[in-house]
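Report on the following structure.
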Amino acid sequence: MGDLGWVAYPKNGWEEIGEVDEDYAPIHTYQVCRVMEQNQNNWLHTNWILTEGAQRVFIELKFTLRDCNSLPGGVGTCKETFNMLMKESRYIKIDTIAADESFTELDLGDRVMKLNTEVRDLGPLTRKGFYLAFQDLGACIALVSVRVFYKRCPFLVKSLAEFPDTIPGSEASQLVEVVGHCVNNSLPLYEPPRMHCSTEGEWLVPIGKCVCQPGFEEINGSCKVCKMGFYRSLLDSLACSKCPPHSVARQTGATSCSCEDGYYKIDSDPPNMACTRPPSAPRNAISNVNETSVFLEWSVPMETGGRKDVRYNILCRRVLPDGRGLEECGPNVRFLPRRVALSNTSVMVADLQSHTNYSFLLEAVNGVSELAKDHAKQYVSLNVTTNQAAPSPVSVVRKGHTEKSSIALSWAEPDRPNGIILEYEIKYFEKEQDSSYTIIKSKETEMVVEGLKPSSVYIFQVRARTSAGYGAFSRRFEFQTSPYLTATSERTQALIVAVAITLALVLLAVVAGFLLTVHLGLLPLRRCGYSKAKQDPEEEKMHFHNGHIKFPGVRTYIDPLTYEDPNQAVHEFAQEIDVSFISIERIIGAGEFGEVCSGPLRLPGKREIQVAIKTLKAGYTEQQRRDFLWEASIMGQFNHPNIIRLEGVVTKSKPVMIITEYMENGSLDTFLKKNDGQFTVIQLVGMLRGIASGMRYLSDMGYVHRDLAARNILVNSNLVCKVSDFGLSRVLEDDPEAAYTTRGGKIPIRWTAPEAIAYRKFTSASDVWSYGIVMWEVMSYGERPYWEMSNQDVIKAIEESYRLPGPMDCPEALYHLMMDCWQRERSNRPKFDEIVCLLDKLIRNPSSLKKLVNSSHRVSNLLVEHASVEGDCSTRTQTVGEWLDSIKMGRYTELFMEGGYSSLETVAQMTSEDLRRVGVNLAGHQKKIITNIQEMRVHMNSTNSTVNI
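Converting from the sequence shown to this note's numbering requires adding 41 to each position, the first position being numbered 1.
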């Protein structure tokens, strides 16, 4: 309230005057009002004002100003503005100040104060202080208030970081970055905390923050130590956490919890994860034996130890004979996909020895198993016995001495004979003529193949046979006969000609003498039977043309109908069993000929086994007896782990019986219906693989089943499926339902191939059609094929290209195989060895079964092309050369390439004229290629339409 001591110039200009406001409160003012005088220039100069480090300041003026029009006489020099200036080193005008409101003489009488407020900013300032000056040029003005200030960002604590008082920068838009200081046991999170101070004194744009250091948590803006039993280890977690299960923190400020005894953690486990322990043993382990392969499957352990990284290890040991202990399986045994660190609960063990006992230990491990040194490993044990198995393929066939009409061959025994090799079968044909081939047999590993054409290339393949059946053929080997006679051959040929001439002369003399004797009546003329002391070597050969035997020869399967006395066939192929060795305990079913029972069979010197017993009811005729035993004479010729095994027959006492192995789970269709949804896909594929293996054996034996269906597949306690029911008459009748008759009644048409219904063409290919239906039954858990459609509707639908849709949750690969089995052209259907090979691949790669069939997709997609004899079961034609090879036209590959037809798309557009242009001149070859091109176009169009849909 004292004098400010500002300097006025001239002295009679600005005056410091004390007054009162409208509320009669005293106020301090500087006034000037020399409007009646000319040429006014009145200055008011402030004291030195310190900046205190500010580079930009603000000046707030409050003043009153009189309206010049209210002055008497209308003074011409009156102004309504004044100037504000500042000085650091020299005066600089800040602005001309004008009033928004002015007062009049009336306002003075009423004591109305019309204050104006103006604010100006000043900067950048470069010195420690400055002066302000106010210049009046003839106004009537009173300065009521002059406030000079600067703005700053105040001290702030935010996110556990301190930010000090900060003076803004000099520029109006400038932000000053300030780094905060973490306080109270806190640390920067990722980067130091920062904020930005604006010229308005506001904190803006926070970046980063501080968090309490490990062992502390933030409570009410400060870091407090974690209590006992709690911990905090990570900077990005805010609060202390209770120790996870099976761990404890025994002091305050813990950054981690230690595991209880018997529990463990690995370095990669997060701090909030419970301490864990090794898992218990796997559960529900089962095995499925397919010849010399074992499929093992199990369930996850009851106790996983609290972890999700459970893996499985397999220990394979072979049981030594005579109780001499166990030895680990050698390196030749294959584990698919691997033996250790399995993530799936299944494994295929292949290349085991046949008829051998094995012990498998399944161990579950997890991430902490290695840390638990004192933890006893827990296993589940499985003991299995491998079946009899066909030998592996012959790997190498060598050519020996070659003549113009013969080639000497030799080969090594298969790597895995799986039993005693009974004989070898050599298949050969002239190159490019594989529709007509010859098979000869040998008990040795060498043979001279005779009767060949000179200077010709032949394809040879060899396979071995044990009591389990034939193995697969070797790959193709090409050998060529000699184009000329060797010196030895010439001498031999000359000798043969000389001997032949001599024998002809002698024979001519004998015949002449014989005829003369008869003519003279010395010997009676009688008819003589033709007899040979030694079998013609040609009878050791089987010639095939288009899949059929061309000349009579030795066949593997012998039809009992070829015997004049069917009883002879029964006794040749079936063992007679004394009825005293059999005990009938219960009835398990009924057949057309009598009851089906079960009970033990106790043969001398052998262990007791459970068997199924088919009985022939009393009062039978001799024809019924023959029909009943006919199935035994067929079944007795088969020996395969997936074919129902005949133990023997009882024919010398009543009732007449057929004794077979006992299958605990009965027929496959009923078994699946009872256990709907209870099996894994791999288990179902294992069943299908067993059925296909049995059918491959029957096909190799030359036997056509004709009634393959799930009802005729039996299942034992180990889920091994075996083909049964061999007693069909297979006579197609003119039935409205188009079913063919058997001795067991009517068999629905739903399982039968179209050509078998229409033309009685029963072949292995028609069995493949039926196998596709069986696949559908298995994957749908015994559902009836074609549901409630009548047989006549089924026949019509199939003729119109309708096929069963994919069962629910059926893998796409399996449904594609079904569609292949249901190809209209039987030559396009896969062979049983191809089916077995494909199923083996699917079992070895379970991930290939994860993609399920799209139920809206009903277009056949050939998954299995006709494989080459080398055994590749899934080779799809990719190139023009491979396509030509597949239709036996490979000789034209180079001509096609030279003509520019290098892709199947271009080949699909070819015409007969195009074929002649590239050099295919034989009319028969042109017709064959054009026919296959037309089929290719149809397949491409169906594929494209499927994509468009």
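Idealized CB from N, CA, C, for every residue including glycine.
Here the structure is a predicted model, which is why all the values come from computation and not from measurement.
Cβ contact annotation for S227 (same chain, cutoff 7 Å, sequence separation greater than five): L201, C251, V252, C253, Q254, C264, in chain order.
At the C-beta level, D850 and L893 come within 7 Å of one another.
At a cut-off of 3 residues, the continuous stretches assigned as beta strand (DSSP E) that sit fully inside the segment 169-193 are 170-177, 181-190. Across the set P434, S624, A315, the C-alpha of A315 shows the shortest separation from the C-alpha of V289. By the 16-neighbour rule on beta-carbons within 10 angstroms, L45 is exposed.
Rounded to the nearest angstrom, the gap between the Cα atoms of L230 and L276 is 7 Å. By the neighbour-count criterion, in which a residue is buried when 16 or more other Cβ atoms sit within 10 angstroms of its Cβ, D741 is buried. In this structure Y598 is exposed. Its beta-carbon is surrounded by fewer than 16 other beta-carbon atoms within 10 angstroms. Contact between V76 and C119 holds, since their C-beta atoms are separated by about 4 Å, short of 8 Å. Counting the other Cβ atoms within 10 Å of the Cβ of Y304 gives 16 or more, which makes it buried. Listed in chain order, the alpha helix (DSSP H) elements of length 4 or more contained wholly in the segment 282-358 amount to none.
At the C-beta level, A794 and S807 come within 7 Å of one another. At the C-beta level, T522 and K445 come within 7 Å of one another. Sixteen is the threshold: since fewer than 16 other Cβ atoms of the shown chains lie within 10 Å of the Cβ of E663, the residue is exposed. For S400, same chain residues with a beta-carbon under 7 Å away, outside a window of 5 residues either side, are R358, V360, L367, S422, N424 in chain order. Here G371 carries a coil assignment [DSSP, helix/strand/coil]. Per DSSP, G960 has no beta bridge partner at all. A430 counts as buried, since at least 16 other C-beta atoms from the protein chains shown sit within 10 angstroms of its C-beta.
The alpha-carbon of L670 is positioned some 10 Å away from that of M676. The Cβ atoms of I970 and M930 sit closer than 7 Å to each other. In this structure the segment 858-878 does not touch the segment 822-832; the number of beta carbon pairs closer than 8 Å is below three. In summary, R273 is buried, with 16 or more beta-carbon neighbours lying within 10 Å of its beta-carbon over all protein chains present.
Pairing G346 with T317, the inter-Cα distance amounts to about 5 Å. By the Cβ criterion, the segment 725-745 is not in contact with the segment 648-656, since fewer than three pairs of Cβ atoms, one from each stretch, lie closer than 8 Å. The beta carbons of N680 and A509 sit about 7 Å from each other, so the pair counts as a contact at 8 Å.
Here the C-alpha atom of K872 lies approximately 41 Å from the C-alpha atom of D619. As DSSP reads the structure, N753 sits in no beta bridge. DSSP assignment within the segment 631-674 yields the following whole beta strand (DSSP E) runs of 3 residues or more, N-terminal first: 636-642, 650-656. The residues I928, in chain order, have a CB closer than 7 Å to that of N973 in the same chain once the five nearest residues on each side in sequence are set aside.
Shown here, C74 sits in a strand according to DSSP, grouped into three states. Burial check for L755: the Cβ neighbour count within 10 Å reaches 16 or more, so the residue is buried. In the structure shown, F679 adopts coil according to DSSP, grouped into three states.
Contact check for Q502 against S483 fails: the beta carbons are separated by 7 Å or more. Residue environment: Y353 is assigned as buried (16 or more neighbouring CB atoms within 10 Å of its CB, all protein chains considered).
Counting other Cβ atoms within 10 Å of its Cβ, E466 reaches 16 or more and is therefore classed as buried.
A615 is positioned such that its CB atom lies no closer than 7 Å to that of V697.
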